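Asker: Per the UniProt record's numbering, residue 1 is the first one in the sequence shown, and the count goes up by one each step. Even for Gly, the Cβ is constructed at its ideal location relative to N, Cα and C. Quick caveat, the model's predicted, so the values are computed rather than measured. Got a structure here, written out as structure tokens. Questions coming.
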Amino acid sequence: SGLNFQDLMARQGAIDSPPKTPFIMGSECAGDIEQVGEGVENFKVGDRVVALPDHKAWAEQVAVPATSVFALPNGMSYLDAAAITMNYTVAYILLFELAHLTPGKNLLLHSAGGGVGQAVVQLAKTVKDVTIFGVCSKSKHESLKATGSIDHLLERGTDYTNEVRKISPEGVDIVLDCLCGEECNKGYALLKPMGKYILYGSSNVVTGETKSFFSAARSWWQVDKVSPIKLFDENKTLSGLNLRHLMYQHGSHAFVRRAVNQVYTLWSEGKIKPVVDSTWALEDVPEAMQKMHDRKNIGKIVLDPNLEPKPKPATPAKGKAKDKKSANQEEKKASSVESEEGEKKKEPELTNGTSEDKSDSDSKEKESS
């Protein structure tokens, strides 16, 4: 199974119409068909396939509509299938269906080190003379420089506008934005006439500086509003892509299937190869999601139900493991108790609220008699 940013959003309830809890997460998986429903003609038991369900992919057995199942090309492993299908299909639609990438164009790509980002880089490089400005965390620059695929690396969170203008004074032809919010103004300002700005995610909702829904809404509200008249006057295009909605709300399964087939053809021709960051057992989903949340992955994070979970650190038994500080505190407490008891023994015994001891009271009784 593949891990995607929409899974992080589903976990935090940041998607529209989330399923009622409890529910199984995940929207991408690969494996063998074990059973076929009535009326299904294109698949049979034993076929090697990948599926893009709306949810419930993180399991050993998954029931999926046939419209969301795709046969694997010969030689493709399940690992590659989980890493390539969703990310590269999104990237393909962005570049060739929406942006209409042609030779000589340049593009600004956010989250260039992520799963979709790496897919965009590889697919864009199948077109001649395409220049890529990749925005990502500084910690990923060295690893991405080693691949040599991104022409100009820019640091996320900085004002990189001047740096882009020095290289391309007119700006860029395409902006691919998966952040939603904080970078919109800068990206739109960099867009050339006849340029295309495409929004395909909202990862800042779960990984921005502020995590609450109201903070995210406030951040989005501060973005400059683009009117249709402004787009008309400036000869620019603004569009969006939500693959989940495209399949499960708009019913564009045939369109998605054509895009998947194009991606598989490019893979079969050796023009693209999925970048896998790491593989995790299903039991280690929290750690895998945290890695994506912290933007530490380069490429795809994959969940494998056949992997053994990583050993967890042993927790000390109650009452047996005490640190030095707590031990010293116990010793001090014991010594103070002992000293208090010693003081009590030295004090005379009090009777009827007086400070007279028993011998004094006896002598007074004799005198009175």
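(1) Can you list, in chain order, the residues of its chain with a C-beta nearer than 8 Å to that of Trp58? Leave out the 5 residues immediately preceding and following it.
(2) Under the assumption that Leu176 contacts Val120 (Cβ atoms under 8 Å), give the Cβ distance between them as a whole number of angstroms.
(3) Decide if Asn162 is buried, meaning its Cβ has at least 16 other Cβ atoms within 10 Å, or exposed.
(4) Counting pairs of beta carbons, one from the segment 58-75 and one from the segment 233-246, are three or more of them closer than 8 Å?
(5) Is it buried or exposed, Val172, if we count other Cβ atoms within 10 angstroms and call 16 or more buried?
(6) Give me the Cα-Cα distance between Ala112 and Ala51, rounded to the nearest whole angstrom.
(7) Would you please state the rounded distance, in angstroms, between the beta carbons of Ile274 and Ile33? I believe it to be under 8 Å.
(8) Using only the alpha-carbon positions, how far apart do Pro18 and Gly201 sit?
(9) In this structure, does DSSP put Pro228 in helix, strand or coil?
(10) At what residues does the alpha helix (DSSP H) containing Trp267 begin and finish?
(11) Less than 8 Å between CB atoms is the rule here; does Pro305 satisfy it with respect to chain B?
(12) Whose CA, out of Thr126, Val135, Asn261 and Leu199, lies closest to the CA of His110?
(13) Can you confirm whether the segment 264-273 touches the segment 293-302 when touching is taken to mean that 3 or more C-beta pairs between the two stretches lie within less than 8 Å?
(14) Is Cys184 helix, strand or coil when you go by DSSP?
(15) Quick one: is Pro53 buried, meaning 16 or more other Cβ sit within 10 Å of its Cβ, or exposed?
(16) Can you tell me whether Arg48 is helix, strand or coil according to DSSP?
(17) Hey, could you find the ends of the alpha helix (DSSP H) Ile84 is sitting in?
(18) Could you round the C-beta distance between Lys196 and Ser239 to whole angstroms and report it? I think they count as a contact, below 8 Å.
(19) Helix, strand or coil: which one does DSSP assign to Phe70?
(20) Tell me, please, which residues DSSP counts as bridged to Glu155.
(21) Let me confirm a value: Ile229 is counted as buried when at least 16 other C-beta atoms fall within 10 Å, else exposed. Which label applies?
(22) Can you give the Cα-Cα distance for Val40 and Met9, rounded to whole angstroms?
(23) Measure the alpha-carbon distance for Glu170 versus Gly115 and round it to whole angstroms.
(24) Which one or two residues does DSSP pair with Val276 in a beta bridge?
(25) With H, G and I counted as helix, E and B as strand and the rest as coil, what does DSSP make of Tyr197?
(26) Can you give me the Cβ contacts of Tyr131 inside the same chain, cut-off strictly under 6 Å, excluding the 5 residues immediately before and after it?
(27) Can you give me the Cβ contacts of Val36 inside the same chain, cut-off strictly under 7 Å, excluding the 5 residues immediately before and after it?
(28) Spatial neighbours of Lys20 within its chain, please: CB distance less than 7 Å, with the 5 preceding and 5 following residues excluded, ordered by chain position.
(29) In whole angstroms, give me the CA-to-CA distance for Lys56 and Pro22.
(30) Return the chain-ordered list of same chain residues with a C-beta closer than 7 Å to the C-beta of Asn352, the five sequence neighbours on each side being excluded.
(31) My output table needs one value for Ile174: the three-state DSSP class, helix, strand or coil.
(32) In this structure, what does DSSP give as the bridge partners for Asn242?
(33) If you check the beta carbons only, do Leu108 and Leu199 fall under 8 Å apart?
(34) Going straight from the alpha carbon of Phe5 to that of Thr89, what length do you get?
(35) Leaving out five residues before and five after Lys138 in sequence, what residues of the same chain have Cβ atoms less than 7 Å from its Cβ?
(36) Give the straight-line distance between the Cα atoms of Tyr264 and Pro193, rounded to the nearest whole angstrom.
Answerer: A quick look at the data gives this:
(1) Ser1, Ile24, Met25, Gly26, Cys29, Leu282, Val285 and Leu303
(2) 6 Å
(3) exposed
(4) no
(5) buried
(6) 25 Å
(7) The sequence given here has Pro at residue 274, not Ile. With 8 Å as the limit, Pro274 and Ile33 do not qualify as a contact, their Cβ atoms being about 22 Å apart.
(8) 16 Å
(9) helix
(10) His253 to Ser268
(11) Absent from the structure is chain B; it holds one protein chain and no more.
(12) Val135
(13) no
(14) helix
(15) buried
(16) strand
(17) Tyr78 to Tyr92
(18) 7 Å
(19) strand
(20) Cys136
(21) exposed
(22) 33 Å
(23) 29 Å
(24) Lys300
(25) strand
(26) Just to set this straight, residue 131 is Thr in the shown sequence, not Tyr. Once the five neighbours on either side are set aside, the close Cβ partners of Thr131 are Asn106 and Asp151.
(27) Phe43, Lys44 and Val45
(28) none
(29) 11 Å
(30) For Asn352, the predicted model reports a pLDDT of 40, less than 50, meaning its position is unreliable; a value from the coordinates is still stated below. Within the same chain, Asn352 has no close Cβ partners at all.
(31) strand
(32) Looking at the DSSP assignment, Asn242 forms no beta bridge with any residue, so it has no partner.
(33) no
(34) 15 Å
(35) Glu155
(36) 34 Å
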